[in-house]
DNA sequence: GCAGTATTTAGATGATTACCTTAGCATCTT
DNA sequence: AAGATGCTAAGGTAATCATCTAAATACTGC
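Protein chains in written order, with the working numbering: chain A, 731 to 828; chain B, 731 to 828.
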């Protein structure tokens with residue numbers, strides 16, 4: 731579950747799509763035109779993001795509008811935080827730098 | 731740069747390694763014994779994590795001790811936060827859910 | 001320096017991924 | 001209903017990835 735999330739985040743094109751969506755919802759074609767690859771390829775990336783629940787899509791006439799699903803980011807963030815910022819407990823003898 | 735970070739985070743084995751390291755530094759073999767795969771495979775994962783600067787390694791006698799490099803997590807976290815939590819500005823007309 | 005332990009590197013293989021082009025489906029306009 | 005537009009699905013290919021086994025390197029202790 732989290733697995734698909736991080737896998738989806740691993741690609742720079744997809745992260746860029748997410749960054750674009752942060753500034754507002756966008757149609758698939760509108761997004762695709764920002765990238766130097768074929769429309770179908772961007773559509774594929776959108777599907778990966780959709781499978782990971784990182785984005786939501788809805789049809790608006792002949793357009794399909796994508797938007798961020800921020801709640802899933804929260805989960806990923808929380809996971810990273812637990813690892814990286816000591817948000818979880820630490821064992822007694824543990825040292826992380828000498 | 732961030733690319734390698736997220737790519738490294740995309741694998742569940744590597745995330746589990748990181749979670750183990752959160753509880754304290756560990757030798758490579760000690761980490762490897764936690765996984766059902768060959769030592770060499772875990773060693774490979776450790777190298778990926780090292781290339782991503784997510785972990786640091788130092789030699790201690792015949793052991794090689796791995797530890798978290800928390801600062802790189804901060805970068806990744808910040809990046810995710812900028813995307814997911816509205817840490818950045820949002821355009822005027824933007825709506826994310828209807 | 002030889003034997004043993006700890007770990008990495010090398011080379012091979014099967015699975016997954018990212019991209020392309022082409023084909024298909026849904027919707028709008030006329 | 002025909003044609004145009006917006007988008008996705010299918011099929012193919014080359015690159016990358018996760019894993020394995022086997023060999024190499026680094027250190028310890030006799």
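The beta-carbon is built from N, C-alpha and C at its ideal position, and this holds for glycine as well.
Please read these numbers as outputs of a predicted model, since none were measured by experiment.
With a threshold of 8 angstroms between beta carbons, is residue i in contact with chain A?
{"i": "residue 746 (chain B)", "result": "no"}
{"i": "residue 733 (chain B)", "result": "yes"}
{"i": "residue 776 (chain B)", "result": "no"}
Check whether chain B comes within 8 angstroms of residue i, counting only Cβ atoms and requiring the distance to be less than that.
{"i": "residue 789 (chain A)", "result": "no"}
{"i": "residue 794 (chain A)", "result": "no"}
{"i": "residue 821 (chain A)", "result": "Confidence in residue 821 (chain A) is poor, its pLDDT being 43 and thus under 50, which makes the residue's placement too unreliable to answer from."}
{"i": "residue 780 (chain A)", "result": "no"}
{"i": "residue 826 (chain A)", "result": "At residue 826 (chain A), the pLDDT of 39 sits below 50, so the modelled position is not reliable and the matter cannot be decided from this model."}
CA-CA distance, residue i and residue j?
{"i": "residue 807 (chain A)", "j": "residue 808 (chain B)", "result": "9 angstroms"}
{"i": "residue 786 (chain B)", "j": "residue 778 (chain B)", "result": "11 angstroms"}
{"i": "residue 781 (chain B)", "j": "residue 732 (chain B)", "result": "11 angstroms"}
{"i": "residue 758 (chain B)", "j": "residue 767 (chain A)", "result": "41 angstroms"}
{"i": "residue 736 (chain B)", "j": "residue 771 (chain B)", "result": "19 angstroms"}
{"i": "residue 801 (chain A)", "j": "residue 810 (chain B)", "result": "12 angstroms"}
{"i": "residue 734 (chain B)", "j": "residue 745 (chain A)", "result": "13 angstroms"}
{"i": "residue 784 (chain B)", "j": "residue 798 (chain B)", "result": "6 angstroms"}
{"i": "residue 740 (chain A)", "j": "residue 748 (chain B)", "result": "17 angstroms"}
{"i": "residue 754 (chain A)", "j": "residue 805 (chain B)", "result": "24 angstroms"}
{"i": "residue 763 (chain B)", "j": "residue 789 (chain A)", "result": "49 angstroms"}
{"i": "residue 738 (chain B)", "j": "residue 776 (chain B)", "result": "10 angstroms"}
{"i": "residue 761 (chain A)", "j": "residue 750 (chain A)", "result": "8 angstroms"}
{"i": "residue 774 (chain A)", "j": "residue 791 (chain A)", "result": "21 angstroms"}
So, under 8 angstroms CB-CB, residue i and residue j are touching, yes? Tell me the CB distance rounded to an integer number of Å.
{"i": "residue 756 (chain A)", "j": "residue 796 (chain A)", "result": "6 angstroms"}
{"i": "residue 743 (chain A)", "j": "residue 765 (chain A)", "result": "6 angstroms"}
{"i": "residue 803 (chain A)", "j": "residue 813 (chain B)", "result": "6 angstroms"}
Note to self: Counting only Cβ-Cβ distances shorter than 9 angstroms, please list the residues of the region 741-769 of chain A near chain B, keeping chain order.
What the structure shows: 741, 742, 745, 748, 749, 751, 752, 753, 754 and 755
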